[in-house]
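If you read the sequences in order, they're chains D and L.
Going letter by letter, the first sequence gives residues 1 to 93 in our numbering.
Going letter by letter, the second sequence gives residues 94 to 498 in our numbering.
Each residue gets a CB set at the ideal place from its N, CA and C atoms; glycine is no exception.
Notes for the one structure printed next.
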Amino acid sequence: MPDPVAEKVIATLASVKRIPAESITLETNLQEMGIDSLDVFSLLFELENAFKISIPDDDVRSIKTVNDIVEGVKKLLAAAPPETSMGSTSPAS
Amino acid sequence: MPRRVVITGVGIISALGHDLAENWDALCQGRSAIRPLEGVDGSRVNLKIQNAAQVRGFDPLKHFEGGKDAQLDRFAQFSVVAARQAFRDCGIDLTAELREQTAIICGSAVGGQSAIEAGFEDLWVNGRGRVHPLTIPKTMANAGASHIAMDLGLCGPAFTVSTACSSANHAIGSAFRMVRDGEAEMAVTGGSEAFFTVGMLKAWEAMRVISPDTCRPFSKDRKGMILGEGGAMMILEPLEAAKARGARIYAEVCGFGMTADAHHLTQPTVEGPARAMVAALREAGLAPEEIGYINAHGTGTPGNDPIESRAIRAVFAAHADKLGVSSTKSLHGHALGAAGALEAIATLLALCKGVLPPTANFTERDPECDLDYIPNQSRPAQVGAALSNSFAFGGLNAVLAFRSL
Numbered sequence: 001m002p003d004p005v006a007e008k009v010i011a012t013l014a015s016v017k018r019i020p021a022e023s024i025t026l027e028t029n030l031q032e033m034g035i036d037s038l039d040v041f042s043l044l045f046e047l048e049n050a051f052k053i054s055i056p057d058d059d060v061r062s063i064k065t066v067n068d069i070v071e072g073v074k075k076l077l078a079a080a081p082p083e084t085s086m087g088s089t090s091p092a093s
Numbered sequence: 094m095p096r097r098v099v100i101t102g103v104g105i106i107s108a109l110g111h112d113l114a115e116n117w118d119a120l121c122q123g124r125s126a127i128r129p130l131e132g133v134d135g136s137r138v139n140l141k142i143q144n145a146a147q148v149r150g151f152d153p154l155k156h157f158e159g160g161k162d163a164q165l166d167r168f169a170q171f172s173v174v175a176a177r178q179a180f181r182d183c184g185i186d187l188t189a190e191l192r193e194q195t196a197i198i199c200g201s202a203v204g205g206q207s208a209i210e211a212g213f214e215d216l217w218v219n220g221r222g223r224v225h226p227l228t229i230p231k232t233m234a235n236a237g238a239s240h241i242a243m244d245l246g247l248c249g250p251a252f253t254v255s256t257a258c259s260s261a262n263h264a265i266g267s268a269f270r271m272v273r274d275g276e277a278e279m280a281v282t283g284g285s286e287a288f289f290t291v292g293m294l295k296a297w298e299a300m301r302v303i304s305p306d307t308c309r310p311f312s313k314d315r316k317g318m319i320l321g322e323g324g325a326m327m328i329l330e331p332l333e334a335a336k337a338r339g340a341r342i343y344a345e346v347c348g349f350g351m352t353a354d355a356h357h358l359t360q361p362t363v364e365g366p367a368r369a370m371v372a373a374l375r376e377a378g379l380a381p382e383e384i385g386y387i388n389a390h391g392t393g394t395p396g397n398d399p400i401e402s403r404a405i406r407a408v409f410a411a412h413a414d415k416l417g418v419s420s421t422k423s424l425h426g427h428a429l430g431a432a433g434a435l436e437a438i439a440t441l442l443a444l445c446k447g448v449l450p451p452t453a454n455f456t457e458r459d460p461e462c463d464l465d466y467i468p469n470q471s472r473p474a475q476v477g478a479a480l481s482n483s484f485a486f487g488g489l490n491a492v493l494a495f496r497s498l
């Protein structure tokens, strides 16, 4: 059963680290695969844009695996409707 | 007795090419890299700048792995690429002790402009409520020096000098003195710049100093500067250490002079640059008659070129007529904080290859610019010593003196 949130998180992580998405699973430990704090910040930035959510700083500290990110994103998506973007123009992305 | 300081390694990426061989070839051939501007969409803001000297075909993924490329703004990528080349070129085996005694002193006028501008575009144009989290560490002007330190494992004194168009000369001069005075056993020094963003180009356009076609320094029909980008780094070490390890020596850095005009934000004076040249000669222990070549600041603006010519005449008197003076900005563009480093490398070419690089695009003599500007074609000539001039907006002048060995 494809999980669109998990797929998006993995694809974004692969893009940030310039590695194949196939090398990443939900169980992948971020530290073990050489993801440092800057990589995580870049990843969260991309996910915030992709899912139109805002990830609180407190949620970031407990992230250890890819699945932690997926679950965190799902929780945020369930808790609130996607935030509307600022301004009247539509995003150019 | 102060130590003598020599250049034993060089790395460069500019519009003229991605390594030293390509750059020297273009300088020798007088082949200008000024082309129509690419990769900047200024259509929405009526950008008038049409030509530039850009680094083409640079693929960061060939130089940085694992997503590292995204952590460095283009200017910092150029810093690292040039520093790696310079270290490979100097052939030294870095010991743990030497790593701690190696300084990194880089010049950059504006730092990571692409990063900050993309962030502001997200905020104000794209209506996003957030800015990329690496905006700050990518924008900071010291990113080049920091990434060189991390990339090469160098742990000595490291900092960035930002004095607009004189940045690299101030950096190289400072590194020269640190090695000379024993504060560092080795230094990697130079400059890097990459600022081709819509906002920066509009800001330059507003100053009305950019040529609508090409850069013709000292030529009567000159219409201004052409902007460039790139990075150049060199390895400085004491002469004795270089000799002891049998290193190839490009030239000696022997003098550095710096002054402030204390006059005007953008209008140069004759006296400020002249005093900087005199100071560089004095520190080098060189008589004016020993200089055979000057790599001029030579922006190609109506304002700079006659004033610089008069400053050279004021320092060199009758010997001014025997000097070869060229502006290689006509070839590699004006790369702001990297300019002095690109030009130092052109000056090394003059000293160690016996080829004076030309002033390209020269069409017509100007009575107000009455020196020998080596028009359009490089000239074979063995010169014993040379100066490289950089003068910044804000009236900050920095001149380096080099001697052949």
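In chain D, which residues lie with their C-beta within 7 Å of the C-beta of residue i?
| i | result |
| --- | --- |
| L/Gly160 | Val16, Lys17, Arg18 and Asp39 |
| L/Arg301 | Within chain D, no residue comes near L/Arg301; the closest Cβ sits about 31 Å away, beyond 7 Å. |
So that I know if they touch, is there some Cβ in chain L lying closer than 8 Å to that of residue i?
| i | result |
| --- | --- |
| D/Gly34 | yes |
| D/Phe99 | Outside the modelled stretch of chain D, which goes from 1 to 93, sits residue 99 of chain D, for which no answer is possible. |
| D/Ser23 | no |
| D/Met86 | Note on D/Met86: pLDDT 43, under 50, position unreliable in the model; the coordinate value appears next. Yes, contact with chain L. |
Could you check whether the Cβ of residue i sits closer than 8 Å to any Cβ belonging to chain D?
| i | result |
| --- | --- |
| L/His225 | yes |
| L/Gln164 | yes |
| L/Leu154 | yes |
| L/Arg221 | yes |
| L/Ala211 | no |
By the three-class DSSP mapping on this structure, what secondary structure does residue i have?
| i | result |
| --- | --- |
| L/Asn482 | strand |
| L/Ala325 | strand |
| L/Leu154 | helix |
| L/Leu269 | What sits at residue 269 of chain L in the sequence shown is Phe, not Leu. Of the three classes helix, strand and coil, the one that applies to L/Phe269 here is helix, per DSSP. |
| L/Cys258 | helix |
| L/Glu401 | helix |
| L/Ala293 | In the sequence as displayed, the identity of residue 293 of chain L is Met instead of Ala. If DSSP states are grouped into helix, strand and coil, L/Met293 belongs with the helices. |
| L/Met94 | coil |
| L/Glu436 | helix |
| D/Ser96 | Coverage of chain D is limited to positions 1 through 93, which leaves residue 96 of chain D absent and any answer about it impossible. |
| L/Asp186 | coil |
| L/Glu330 | strand |
| D/Pro4 | helix |
| L/Asn144 | strand |
| L/Phe455 | coil |
| L/Phe311 | coil |
| L/Glu214 | helix |
| L/Phe288 | coil |
| L/Arg149 | coil |
| L/Met233 | coil |
| L/Asn219 | coil |
| D/Asn29 | strand |
| L/Cys445 | helix |
| L/Asn139 | coil |
| L/Pro67 | Nothing about residue 67 of chain L can be reported from this structure: the residues present for chain L run from 94 to 498 only. |
| L/Asn469 | coil |
| L/Arg181 | helix |
Run through chain D and tell me which residues come within less than 8 Å of residue i, C-beta to C-beta.
| i | result |
| --- | --- |
| L/Arg167 | Chain D residues near L/Arg167: none, gap ~17 Å exceeds 8 Å. |
Could you name the residues of chain L that residue i contacts, counting a contact when the two beta carbons are closer than 8 Å?
| i | result |
| --- | --- |
| D/Asn49 | Arg221 and Arg223 |
State yes or no: is the C-beta of residue i nearer than 7 Å to some heavy atom of the ligand SAM?
| i | result |
| --- | --- |
| L/Arg167 | This structure simply doesn't include the ligand SAM, nor any ligand for that matter. |
What in chain L is Cβ-close to residue i, meaning under 7 Å?
| i | result |
| --- | --- |
| D/Ser42 | Ala163, Pro226 and Leu227 |
Assuming residue i and residue j are in contact, meaning their beta carbons sit under 8 Å apart, how far apart are those beta carbons, in whole angstroms?
| i | j | result |
| --- | --- | --- |
| L/Arg192 | L/Leu130 | Actually they are not in contact, since the Cβ atoms of L/Arg192 and L/Leu130 sit about 41 Å apart, beyond 8 Å. |
| L/Ser419 | L/Leu374 | Not really, about 19 Å apart at Cβ, beyond 8 Å. |
| L/Ser107 | L/Val148 | 6 Å |
| L/Ala453 | L/Ala479 | About 19 Å separates the two Cβ atoms, so there is no contact after all. |
| L/Thr195 | L/Val254 | Contact doesn't hold; Cβ gap of about 17 Å is too wide. |
| L/Arg301 | L/Gly393 | No, L/Arg301 and L/Gly393 are not in contact; Cβ-Cβ is about 13 Å, not under 8 Å. |
_Within 8 Å, do at least three Cβ pairs link the stretch 158–178 of chain L to the stretch 240–250 of chain L?_
Yes: at least three Cβ pairs fall under 8 Å.
*Would you say the stretch 246–259 of chain L touches the stretch 205–223 of chain L, given that touching needs at least three Cβ pairs under 8 Å?*
Verdict: no, contact absent.
*Taking three-plus beta-carbon pairs below 8 Å as touching, is the stretch 95–110 of chain L in contact with the stretch 313–328 of chain L?*
In this structure the stretch 95–110 of chain L lies against the stretch 313–328 of chain L, because at least three pairs of beta carbons, one per stretch, are closer than 8 Å.
*asked:* Pairs of beta-carbons, one from the stretch 135–148 of chain L and one from the stretch 282–294 of chain L, closer than 8 Å: are there three or more?
replied: Remark: three or more beta-carbon pairs, one from each stretch, lie closer than 8 Å, so the stretch 135–148 of chain L and the stretch 282–294 of chain L are flagged as touching.
*Please confirm if the stretch 4–23 of chain D is in contact with the stretch 37–55 of chain D, defined as three or more CB-CB distances below 8 Å between the two stretches.*
Touching, yes, given that three or more Cβ pairs across the two stretches are closer than 8 Å.
*Flag this pair as touching only if the stretch 351–369 of chain L and the stretch 415–430 of chain L have three or more C-beta atom pairs under 8 Å; answer yes or no.*
They do not touch, by the three-pair rule.
_Would the stretch 223–233 of chain L count as touching the stretch 271–280 of chain L if we require 3 or more Cβ pairs under 8 Å?_
Result no; under three Cβ-Cβ pairs closer than 8 Å.
*Is there contact here, the stretch 139–155 of chain L with the stretch 111–128 of chain L, by at least three beta-carbon pairs under 8 Å?*
Verdict: yes, contact present.
_Three Cβ pairs or more, each shorter than 8 Å: is that satisfied between the stretch 331–342 of chain L and the stretch 480–492 of chain L?_
Counting C-beta pairs with one atom in each stretch, the stretch 331–342 of chain L and the stretch 480–492 of chain L have fewer than three that are closer than 8 Å, which means they do not touch.
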